[in-house]
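Report on the following structure.
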Amino acid sequence: MKILVTGGLGFIGSHTVVELQNEGYEVVIIDDCSNSSEKVLEGITTITGKTPLFEKIDLKEKSKVEDFFKRHADVQGVIHFAASKAVGESVEKPLLYYENNIGTLVYLLKELVAKNKASFIFSSSCTVYGQADEMPITESAPVKQAESPYGNTKQMGEEIIADTCKVNANLNAIALRYFNPMGAHPSVQIGELPIGVPQNLVPFITQTGAGLREQLSVFGDDYPTSDGTCVRDYIYVVDLAKAHVLALKRLLEGKNSDNYEVFNVGTGKGSTVLEVIKSFEKVSGKKLNYKIVDRRAGDITTAYADTTKANEVLGWKSQYSLDEAMKSAWNWEQKIRG
Ligand code: WQD
Numbered sequence: 032m033k034i035l036v037t038g039g040l041g042f043i044g045s046h047t048v049v050e051l052q053n054e055g056y057e058v059v060i061i062d063d064c065s066n067s068s069e070k071v072l073e074g075i076t077t078i079t080g081k082t083p084l085f086e087k088i089d090l091k092e093k094s095k096v097e098d099f100f101k102r103h104a105d106v107q108g109v110i111h112f113a114a115s116k117a118v119g120e121s122v123e124k125p126l127l128y129y130e131n132n133i134g135t136l137v138y139l140l141k142e143l144v145a146k147n148k149a150s151f152i153f154s155s156s157c158t159v160y161g162q163a164d165e166m167p168i169t170e171s172a173p174v175k176q177a178e179s180p181y182g183n184t185k186q187m188g189e190e191i192i193a194d195t196c197k198v199n200a201n202l203n204a205i206a207l208r209y210f211n212p213m214g215a216h217p218s219v220q221i222g223e224l225p226i227g228v229p230q231n232l233v234p235f236i237t238q239t240g241a242g243l244r245e246q247l248s249v250f251g252d253d254y255p256t257s258d259g260t261c262v263r264d265y266i267y268v269v270d271l272a273k274a275h276v277l278a279l280k281r282l283l284e285g286k287n288s289d290n291y292e293v294f295n296v297g298t299g300k301g302s303t304v305l306e307v308i309k310s311f312e313k314v315s316g317k318k319l320n321y322k323i324v325d326r327r328a329g330d331i332t333t334a335y336a337d338t339t340k341a342n343e344v345l346g347w348k349s350q351y352s353l354d355e356a357m358k359s360a361w362n363w364e365q366k367i368r369g
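So that you can map any letter, position 99 of the sequence shown is 130 in the numbering used here, and since no number is skipped, the others follow by simple counting.
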């Protein structure tokens, strides 16, 4: 069974390729390497003993996408990670985000609806909820006005898929709304490789711990939370990867109740920024240098998942704790800093 993983050299994509190979799927990766490296193939191969097929293709090139599907007519499922994902950059360069995140999705879907049957897993995000009114957040929470073009591309992506599934019964899709992915594979062969200054909390923490960054700035401690800092649901990337395999299996085995479904993928537990810092200090034995600064524009106060649907319908539940995920992130940081 051949599965296409777009963005398969990226952080979540590479971990998902490993889990797919562990389950016996043949994997072909498309990646334009704009935010990843071909070296990740070595890491995947070291873990699983199998090198996935890889083609360096920019999905914005329609003719290249059409040619790929002609040559790989036996692809039965697609897990679509390839997208630009920096919230701040999306505000500065909206057209880059709409072209790269939406244009490419349309080209992929056009190929899939032409097949007799196709299974499609879409990388979505809890960002579609904005600041939800109730915690924990369920899949029926309203989608709110996006805070950024990046978030808008996730909302629009879901709508495009839903509309396409409505008139193409041969297309079966699941959108997975990730909360905050973190950590690295326990083998320390693959992990997060942020380019430049990390925007996300966990890589900034581990780089500060490794001495790459002078000090972590905590963006505000005057929020209405237990310790004043924002609350997020930090999900271990291997747990997240396994959710993709289960979602794909659900579609391949025809177990889905509708040909477009949505699942939250989180731990169901919220952690404040200061609690994440404490977790790092506990697992690393190091004191983290940080200071409280002003709030970051666009940040919401609290987000953590209601995971009932994923637990009961998808049969998936996160297995790893924040400390275990943080330990893997720290091990990876130490490994890549040599
Ligand atoms: C987490 C918390 C910050 C950095 C974003 C995207 C989301 C998804 C995950 C792609 C917040 C605080 C952070 C720092 C800090 N990305 N923080 N100092 O913003 O919840 O979600 O990444 O799908 O779509 O929106 O994650 O890691 O940036 O921030 O205090 O140097 O850590 O204020 O409270 P976020 P994050």
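Don't be surprised by glycine CBs; every beta carbon is placed ideally from N, CA and C.
According to DSSP, residue pairing for residue 37 in a beta bridge involves 61, 111. In this structure, residue 159 lies away from residue 110, with their beta-carbon atoms at least 8 Å apart. In this structure, residue 209 has its CB closer than 7 Å to one or more heavy atoms of the ligand WQD. 8 Å or more divides the Cβ of residue 295 from the Cβ of residue 366.
When the beta-carbon positions are compared, residue 44 and residue 66 stay at least 8 Å from each other. Beyond the five residues adjoining it in sequence on each side, residue 214 comes within less than 6 Å, by CB distance, of 267, 268, 356, 359, 360 in the same chain, given in chain order. Excluding its 5 nearest sequence neighbours in each direction, residue 140 has C-beta neighbours in its own chain below 6 Å: 195, listed in chain order. Residue pairing for residue 294: DSSP places it in a beta bridge opposite 207. Going by beta carbons, residue 104 and residue 90 fall outside the 8 Å limit. Taking the C-beta atoms as reference points, residue 272 is found nearer than 8 Å to residue 49.
For residue 149, the enclosing beta strand (DSSP E) covers residues 149-156. For residue 231, the shortest C-beta to heavy atom distance toward the ligand WQD is below 7 Å. Between the C-alpha atoms of residue 178 and residue 127 there is a straight-line separation of about 17 Å. Rounded to whole angstroms, residue 201 and residue 320 show a C-alpha spacing of 54 Å. Collapsing the DSSP output to three states places residue 212 in a strand. Per DSSP, residue 322 is one residue of the beta strand (DSSP E) stretching across 321-324. By the criterion of a C-beta distance shorter than 6 Å, residue 61 is surrounded in its chain by 37, 86, 88, once the five residues flanking it on both sides are discounted. For residue 249, the enclosing beta strand (DSSP E) begins and ends at 247-250.
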